[in-house]
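Okay, so here's the structure we're looking at.
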Amino acid sequence: ADKKVVEWKYTTCGYCSTGCSIEVGLNAEGKGVAGRGVGDAPVNQGKLCIKGIFEYELFNSANRGKVPLMRDKVYRPFLESTWDKSLDFTAQEITRIQEKYGRDSFAIISTGQILTEEFYTLGKLARGVIGTNNYDGNTTLCMSSAVSGYKRSFGSDGPPGCYDDFDHTECLMAFGSNLPEQHPIIYWRLKMALEKRKFPVIVVDPRVTMFAQMADIHLPITPGTDVVLLNAMAHVILKEGLAEQIYIDAHTTGFEEFSKLVEQYDPVTASKICGIDEDTIRHVARVYAKAGAAMSIWTMGINQSTHGSDGVVGINSLNLITGNIGKPGGTSLSITGQCNAMGTREWSSCSGLPGYRALEKEKDREEIAKFWGIDASFFPEKRGMFMTDILPAIETGQIKGLWLIATNPMTSMPNTPRIRKTLEKLEFLVVQDAYSDVETTQYAHVYLPAALWGEKEGVFTNTERRVNLVRKVMEPHGDAKSDMWIFNQLAKRFEQGRKMRFPEKPSEVFDEMRELSKGRMLDYSGMDHDKIEKHRGLQWPCTEGAEAGSPRLYTDGVFQYPDGKAKLIPLPFIDNNERPDDDYPFWMNSGRVVEHFHTRTRTGKIGNMNKFSPTPYMEMNPDAAKKLGIEHMGYARLISRRGDAVVMVQLTQRVPPNMAFIPFHFHECVNRLTLGLLDPHSRQPAFKQCAVKIEPA
Ligand code: SF4
């Protein structure tokens, strides 16, 4: 239908990390009425998935916050307030709590959704003004294991590969990634590459996902045992002389210990643990190692495990021993979840200081303190709590105040019945979000209405390190303000913040980031907003004067450890998770559907998303259902040791008889059941593995 578009405005999609360039069509009244992909964009080449196509509907979606809200007790109703009053009150409460209980008793949990310039500004406020060390992002729920694994293997975070690698690879292995539903446009890029040139696709996933259905080989692995499969593949590769010994000798350390460890994981032994038969293990190891270039991608099936960080290290080691890092088609590539999870890793200071700097390094602390004009002794000398430790610390009374920014732990955290009780214990909770109906506002004292994607300007970094521009398409809804404006205004309410420079324009903040990145691994110095738009995104490192960015890292075989070498790390498998037993005989698995994003704060408000995916459901194997008297389209109750949930049943052979699968987007559902054991390195929860029993509802 003719939507009477009079103008198209360039921006970047604000859902997943694929990083699609998108144009929003505005009518004569300036209202967003259409969306389309940008034809000359290197990432999506004119394509969008259903979420991107209807993203413009967010501008007029229900329950947008229009004005700040305040109350002194959470059992009283919210009253409309002004920005001045609500920010004054927030600053007073932060000061009161810090003076009474110590600086770290006030915690901040942010997101992977806001703009990079906003992340940088928040980092300056959190680290340089408020000075709490208990500041983290919800990326601990999605990408923390990838970050940790990259750091352990290569000495730094930063995905080495890119989408262009699909066009060069001779073998692709995907771990715990349902690409067609999670990242449809990345999947389309893969399909395009496969149409030009056939190469084997191996999908490791306990469930027959859409991706598994198109694979040449599907490995239905026992949940949480990827490390065992990876060790066994390495065992075969070393035993059969298929490793790239010249690359190993020149560019890695730790080979001796690594090879001793994988010696123990022969395919027969490994098969009994990971559930993949020994011949298939040998076959995939040979296919991978013999390919001229092979690449591995992964998503939450690896990250969300008690062995998440080890899984990433195992994937990196597989690629190091086969010489598949830094070459076209040969890489490790984590497929990131949120649109700007990379931006927060790079610039928010959650886990350290901006520009991949570490609190643990004196030089890094001094550089940033000097640049910000503060004393380096103001910074802690090691990072504080992760998000998954901050919430339990509220229970124990260590944390008394909390600021949640564009994140919704009432739905996204494991064991949500416990989270509800946790938030009730806070002396002060401020929720900053584009939507006033987000579940966490029930426990908030202050609600700050934030501008949404497309109502402000800045950049996102996508999965392949491409920095792309989010142009402002519309004015913010009501009296909502950009997150950067809110951070700047709050900074002015603290003495130290008044002394520091908090630029108001995103381009000025970007200039600070460029300056701080010069000569570093994530060099932004060759980029500016206009150049980024012109190229439809540039990949870092992009050095000063360079016309283009860099598609790959480590092309010279020099890594970020002081000796320039990558580490091969032995990974003994420790079976430390909850597993099905006589009382709780099913694995509980969770994942995504193509129509929804995260906790449906946004997609739950868009008609077409709800028409196609209106309700939570459980996938269950027909044989298991028959034994329990559960019928297709009937209802069943799932019970774990944490809580229960009632869902509609879809009978399907996608899941084995001992497994149930539920999409994680619905607040009344899967995270009432999940366990939340944490990875020891990344502190990421094992969302994918817990035990449940099932009965007819
Ligand atoms: Fe947006 Fe991701 Fe869909 Fe692209 S694939 S349109 S970035 S949600």
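14 is the number of the first residue of the sequence shown in the UniProt record's numbering; add one for each residue after it.
Glycine included, every Cβ here is placed at the ideal spot set by N, Cα and C.
A check of alpha carbon separations from Ile261 across Ser330, Thr235, Met308, Ala298 identifies Ser330 as the nearest. Between the C-alpha atoms of Asp657 and Ala579 there is a straight-line separation of about 45 angstroms.
Using a cutoff of 8 angstroms, the CB of Tyr28 counts as near the ligand SF4, since one of the ligand's heavy atoms is closer than that. When DSSP states are grouped into helix, strand and coil, Phe271 belongs to the helix group. Asn602 is a Cβ neighbour of Lys701, given a cutoff of 9 angstroms. Taking every protein chain shown into account, the CB of Asn73 has fewer than 16 other CB atoms within 10 angstroms, so this residue is exposed. For Lys79, the CB contacts under 7 angstroms within the same chain, skipping 5 residues up- and downstream, are Pro462, His490, Gly491, Asp492, Ala493 in chain order.
In the structure shown, Val142 falls within a helical segment according to DSSP collapsed to helix, strand and coil. For Arg210, there is no enclosing beta strand (DSSP E), as DSSP marks it with neither H nor E. Cβ contact annotation for Ser626 (same chain, cutoff 7 angstroms, sequence separation greater than five): Val606, Glu608, His609, in chain order.
Contact annotation, Thr614 with Val451: C-beta distance approximately 6 angstroms; criterion of less than 8 angstroms satisfied. Across the set Met534, Leu535, His542, the C-alpha of His542 shows the shortest separation from the C-alpha of Asp524. Going by beta carbons, Leu61 and Cys26 fall inside the 9 angstroms limit.
Counting along the chain, Pro627 sits inside no alpha helix (DSSP H), nor does DSSP assign it H or E at all.
With contacts defined as CB atoms closer than 9 angstroms, Arg49 and Ile66 qualify as a contacting pair. In the same chain as His181, and ignoring 5 residues on each side of it, the C-beta atoms closer than 7 angstroms to its own belong to Ala306, Pro341, Gly342, in chain order. Check the Cα spacing between Thr282 and each of Ala263, Val249, Thr312: the tightest is with Val249. Straight through space, the alpha carbons of Ile387 and Gln445 are spaced by roughly 27 angstroms. For Leu417, the closest alpha carbon among the candidates Met540, Leu436, Gly410, Ile643 is that of Leu436. The beta carbon of Glu632 sits closer than 6 angstroms to those of Gln663, Thr665, Arg667, Val668, Phe674, all from its chain and outside the five residues before and after it, given in chain order. Contact between Gly550 and Gly32 holds, since their C-beta atoms are separated by about 6 angstroms, short of 8 angstroms. In this model, Gln195 and Asp596 are separated by some 33 angstroms (Cα to Cα). The beta carbons of Ser347 and Met156 sit closer together than 9 angstroms.
One alpha carbon belongs to Asn244, the other to Ile121, and they sit about 38 angstroms apart.
Met661 has Tyr630, Tyr648 as its beta-bridge partners, per DSSP.
In this structure, the CA atom of Asn332 is about 24 angstroms from the CA atom of Lys285. The region 478 to 529 contains, as complete alpha helix (DSSP H) runs of 4+ residues, the segments 496 to 504, 508 to 512 (chain order). Judged by beta-carbon spacing, Phe500 lies beyond the 9 angstroms limit of Thr312, meaning their Cβ atoms are not closer than that value. When only Cα atoms are considered, Arg89 and Cys682 end up about 28 angstroms apart. Within the same chain, and ignoring the five residues on either side of Pro55 in sequence, the residues whose Cβ sits closer than 7 angstroms to its Cβ are Arg549, Gly550. Ala206 and Phe179 have their alpha carbons spaced roughly 6 angstroms apart. Val142 sits buried, since 16 or more C-beta atoms from the chains shown fall within 10 Å of its C-beta.
Uninterrupted alpha helix (DSSP H) stretches at least 4 residues long and entirely within the region 417 to 470 occur at 422 to 425, 429 to 437, given in chain order.
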